[in-house]
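Enquirer: Sharing a structure with you now.
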Ligand SMILES: [Zn+2]
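In the working numbering, the protein residues as written are 701 to 776.
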């Protein structure tokens with residue numbers, strides 16, 4: 701009887717371990733997809749910059765403050 705309970709406990713632990721592993725893999729894949737889409741192009745030099753690191757001014761994205769200032773000076 702105790703052997704049956706041990707096997708049952710082992711199956712339950714194995715099941716939860718398997719589910720956690722699958723969930724972690726799925727989460728990582730989703731995160732990678734989101735990151736690859738979150739890229740914008742610098743309006744001045746065309747460099748690809750991560751959206752959260754890019755500078756935005758007047759509806760345009762820039763890789764640096766220098767390029768934002770240069771583009772502003774060139775367009776006016
Ligand atoms: Zn740039």
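The beta-carbon is built from N, C-alpha and C at its ideal position, and this holds for glycine as well.
1. Would you say the beta carbon of residue 767 is closer than 7 angstroms to some non-hydrogen atom of ligand 1?
2. Between which two residues does the beta strand (DSSP E) carrying residue 762 extend?
3. Just how far apart, CA to CA, sit residue 719 and residue 727?
4. Within 10 Å of its beta-carbon, does residue 757 have 16 or more other beta-carbons around it, so buried, or fewer, so exposed?
5. With a threshold of 8 angstroms, are at least 3 pairs of Cβ atoms found where one atom belongs to the region 739-753 and the other to the region 705-720?
Expert: Taking the geometry as given:
1. Position 67 of the chain shown, counted from the start, is the residue given in the question as residue 767. Checking the Cβ of residue 767 against ligand 1 gives yes.
2. In the chain shown, counting from the first residue as 1, residue 762 sits at position 62. Annotation: the continuous beta strand (DSSP E) that includes residue 762 extends over 760-762.
3. Looking up residue 719 in the chain shown gives position 19. Looking up residue 727 in the chain shown gives position 27. Rounded to the nearest angstrom, the two C-alpha atoms are 12 angstroms apart.
4. Translated into positions along the chain shown, residue 757 becomes position 57. Residue 757 comes out exposed.
5. Contact between the region 739-753 and the region 705-720 is absent: fewer than three C-beta pairs spanning the two stretches fall below 8 angstroms.
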